[in-house]
Amino acid sequence: MSARHFLTLLDLSAEELDYLIQRGITIKNRLKTNGPVYTPFSNRTLAMIFEKSSTRTRVSFETAMAQFGGHALFLSSRDTQLGRGEPIADTARVLSEMVDAVMIRTFSHAGLEAFAAASAVPVINALTDDYHPCQLLADVMTWTECRGPVKGKTAVWIGDGNNMCHSWINAARQFDFQLRICCPEGYEPREDIVAAAGDRVTILRDPRQAISGADLITTDVWASMGQEEEQAKRERDFAGFQVTEALLDQATEEAIFLHCLPAHRGEEISTTLLDDPRAVVWQEAGNRLHAQKALIEFLLLGRVA
Ligand code: CP
Ligand code: NVA
8 MSARHFLTLL DLSAEELDYL IQRGITIKNR LKTNGPVYTP FSNRTLAMIF
58 EKSSTRTRVS FETAMAQFGG HALFLSSRDT QLGRGEPIAD TARVLSEMVD
108 AVMIRTFSHA GLEAFAAASA VPVINALTDD YHPCQLLADV MTWTECRGPV
158 KGKTAVWIGD GNNMCHSWIN AARQFDFQLR ICCPEGYEPR EDIVAAAGDR
208 VTILRDPRQA ISGADLITTD VWASMGQEEE QAKRERDFAG FQVTEALLDQ
258 ATEEAIFLHC LPAHRGEEIS TTLLDDPRAV VWQEAGNRLH AQKALIEFLL
308 LGRVA
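Reminder that position 288 of the sequence shown reads as 295 in the working numbering, one-by-one numbering, no gaps.
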């Protein structure tokens, strides 16, 4: 199987990722200037398999395909044969006969890898329990748009060492910035993922100390999809880890705040944080569209610039 897949940020080289960020910015600017006149995906189809809920991911991938002249196919595990036990590898082989790429949002990262191993067409990770690399393309694009090159800067992750945190760690490796992770004991990211990042990543316990002098602050929900029954315990365990305007005041004057969304106001963020000018979360959400256009274009057509 020779297709390139995008299961984590480590599947592309640092140089390819830099290209994607710049290409996403170019695609966004050209859309604004020229309208949706660039249609490189004519007659191309993206299958989108969703085993978890989504707003941004579904809308951004579907719109990306439509604006680029192609087609997106929404497949819920509830009403496909996947939900009735058809093997992952069989599904991958069948889809490879018909579509040009597959996007998957699922629970098990190993399941995603099994799908990709059997797929003859590119497979894109649209979130697993372990990683969310497409979100990081939009996040690094947003940081770059707001503040220029991210190399050598300092980002802070406050909260759960979850799928988003793991992708931030991989981003620190690939884009060469420092990442401070501030989480309660017992909620650290996976040790192997942290270790592979070397001295780019540090783990701290005190949010004020972590944020001091930082260029970017980000967080995520305390209970991710699939952890709903842990909500009450997590609310207790994460007390003191809420990101507030006063906490952001400890960062540099130029610091920005990102959140992949959806957000739980009053839990991981103060009720008013998303209204603060340092929060660029709507731009970040919109950049899912442009960054993923760059990604699909790269996987289907290679470099075009
Ligand atoms: N950030 C993100 O992936 O949002 P959705 O769950 O709405 O797709
Ligand atoms: N960590 C969150 C991210 C949602 C986009 C989750 O997995 O539910």
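All C-beta atoms in this analysis are idealised placements derived from N, C-alpha and C, irrespective of residue type, glycine included.
Quick caveat: nothing in here was measured; it's all calculated off a predicted structure.
| Check | Outcome |
| --- | --- |
| Would the beta-carbon of L134 be found less than 7 Å away from any heavy atom of the ligand NVA? | yes |
| What residues are listed by DSSP as bridge partners for V130? | V109 |
| What did DSSP end up calling C189 once you bin it into helix, strand or coil? | strand |
| If you measure from the CB of R272, is any heavy atom of the ligand CP nearer than 7 Å? | no |
| Within the present structure, is the beta-carbon of P140 separated from the nearest heavy atom of the ligand CP by less than 7 Å? | no |
| Throw me the rounded Cβ distance for the T52 and V130 pair, which I believe falls under 8 Å. | 14 Å between Cβ atoms; not a contact. |
| By Cβ distance, which residues of its chain are closer than 6 Å to Q74, with the 5 residues on each side in sequence left out? | P43 |
| Please report the straight-line C-alpha distance between A121 and F81, rounded to a whole angstrom. | 20 Å |
| Once DSSP output is grouped into helix, strand and coil, what is the label at T278? | coil |
| Closer than 7 Å: is that where the CB of N191 sits relative to any heavy atom of the ligand CP? | The sequence shown places Pro at residue 191, not Asn. False, no ligand heavy atom lies under 7 Å from that Cβ. |
| Please report how far the alpha carbon of Q299 lies from the alpha carbon of Q238, in whole angstroms. | 31 Å |
| The beta strand (DSSP E) with W164 in it runs from where to where? | T161 to I165 |
| Looking at C-alpha atoms only, which residue of K39, T226 and R65 is the closest neighbour of S83? | R65 |
| According to DSSP, is M8 helix, strand or coil? | Summary for M8: the model assigns pLDDT 47, below 50, so the residue's position carries little reliability; its value from the coordinates is reported in the next sentence. Of the three classes helix, strand and coil, the one that applies to M8 here is coil, per DSSP. |
| Could you round the C-beta distance between N294 and M148 to whole angstroms and report it? I think they count as a contact, below 8 Å. | 5 Å |
| So, at 7 Å on beta carbons, what are the nonlocal neighbours of W229 in its own chain, with the 5 sequence-adjacent residues on each side left out? | G166, D167, R241, E242, F245, E274 and E275 |
| Kindly confirm or deny that the segment 149–160 and the segment 184–197 touch, where touching means at least three C-beta pairs closer than 8 Å. | yes |
| When you compare each of F57, R112 and F68 to D316 by their alpha carbons, which one comes out closest? | Residue numbering for the chain in the displayed model covers 8 to 312; residue 316 lies beyond these limits and cannot be assessed. |
| I think L280 touches T251, with their Cβ atoms under 8 Å apart; what is that distance to the nearest whole Å? | 7 Å |
| Tell me the DSSP bridge mates of R212? | Paired residue(s): none; R212 is not in a bridge. |
| Excluding the 5 residues preceding and the 5 following M8 in the sequence, name in chain order all residues of the same chain whose CB lies nearer than 6 Å to its CB. | Only weak support is given to the placement of M8: the predicted model assigns it a pLDDT of 47, under 50, and the question is left unresolved by the model. |
| In angstroms, rounded to a whole number, what distance separates the CA positions of S219 and T278? | 22 Å |
| Out of Y138, S67 and T113, which has the shortest C-alpha to C-alpha gap to L89? | T113 |
| Starting from M72, trace the beta strand (DSSP E) both ways and give me its first and last residue. | No beta strand (DSSP E) holds M72; the alpha helix (DSSP H) holding it covers R63 to Q74. |
| To the nearest angstrom, how far is the alpha carbon of M340 from that of V288? | Residue coverage of the chain in this structure runs from 8 to 312, which leaves residue 340 outside it and unanswerable. |
| Give a yes or no on whether the C-beta atoms belonging to R310 and Y45 are separated by under 8 Å. | no |
| Any idea if G233 is buried or exposed, counting beta-carbon neighbours within 10 angstroms, 16 or more meaning buried? | exposed |
| Look up T40 in the DSSP assignment and say whether it is helix, strand or coil. | helix |
| Assuming H297 is part of the alpha helix (DSSP H), what are its boundary residues? | V288 to L308 |
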